[in-house]
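Visitor: What follows is a single structure, and I will ask about it in a moment.
Residue numbers (the numbering used here): 1072 to 1284.
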């Protein structure tokens, strides 16, 4: 599908960039939240500043197609220059391809449970920018575990969101304690057994039947 092709193209881009030797910063706002274009612009500005400061890292930011089109149209109208050479903005990708095959060293995420657990499972520190439902709670849990930082609500004033994004990413890159705690959380999640353990528990319950109540 289109997402798979886009994911392959992003992986090729990462592999071709010597600037990615320091690793990849993965950015995802999920598939359901639709931030205002002003917020997208503020986030883009923060990511571009970060990318220019950390030249040995690559920033990869896949977006929903509607968000991508809004950002591009607004950028062209405002005369924005293209992103730095170590930053890639794309349409939707199969995130698992990037997570499994790129050396992600930190991530900016929206706080969706699947995304958070998938990245923490690999010991990746997180800056969590929540938008709604369970995401603020997930952000606070990540921060409480010491495996990342919780950022303010993503629907707040765009300037504040942009500032928080920049500060959050710098924290998870520079703070050795956060990085160490993310590793600890990742090892704990891997020891828990993942999908195989869930299947085992379900099978045990089925075998026990009503008698196990």
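C-beta: ideal position from N, C-alpha, C; glycine also.
1. According to DSSP, is residue 1087 helix, strand or coil?
2. State the Cα-Cα distance for the pair residue 1280 and residue 1274, rounded to the nearest angstrom.
3. From residue 1304 to residue 1235, what distance separates their C-alpha atoms?
4. Applying the criterion that 16 or more other CB atoms from any shown protein chain within 10 Å of the CB defines a buried residue, is residue 1127 buried or exposed?
5. Check for me: the beta strand (DSSP E) holding residue 1227 runs from which residue to which?
6. Report, in whole angstroms, the separation of the C-beta atoms of residue 1130 and residue 1157, which I expect to be a contact under 8 Å.
7. Please report the Cβ distance between residue 1189 and residue 1217, rounded to the nearest whole angstrom; I am assuming they are in contact, meaning their Cβ atoms lie under 8 Å.
8. Report the residue from 1166, 1230, 1259 and 1206 whose alpha carbon sits nearest the alpha carbon of residue 1034.
9. What's the C-alpha gap between residue 1201 and residue 1187?
10. Looking at residue 1176: is its Cβ nearer than 8 Å to the Cβ of residue 1095?
11. Tell me, please, which residues DSSP counts as bridged to residue 1161.
12. Could you spell out where the alpha helix (DSSP H) holding residue 1195 opens and where it closes?
13. How should residue 1115 be labelled, buried or exposed, when 16 other C-beta atoms within 10 angstroms of its C-beta is the threshold for buried?
Guide: The short version:
1. Looking at residue 1087 - three-state DSSP - the assignment turns out to be helix.
2. Distance from the CA atom of residue 1280 to the CA atom of residue 1274, rounded to whole angstroms, is 10 Å.
3. This structure leaves residue 1304 out entirely; the chain is present only between 1072 and 1284.
4. exposed
5. Premise fails: residue 1227 is in no beta strand (DSSP E) and is neither H nor E.
6. Contact between residue 1130 and residue 1157 holds: CB atoms are separated by about 7 Å, below the 8 Å threshold.
7. Contact flag wrong, Cβ pair sits at about 19 Å.
8. No answer is possible for residue 1034: it lies beyond the span of the chain, which begins at 1072 and ends at 1284.
9. 11 Å
10. yes
11. Beta-bridge pairing by DSSP links residue 1161 to 1133.
12. Premise fails: residue 1195 is in no alpha helix (DSSP H) and is neither H nor E.
13. buried
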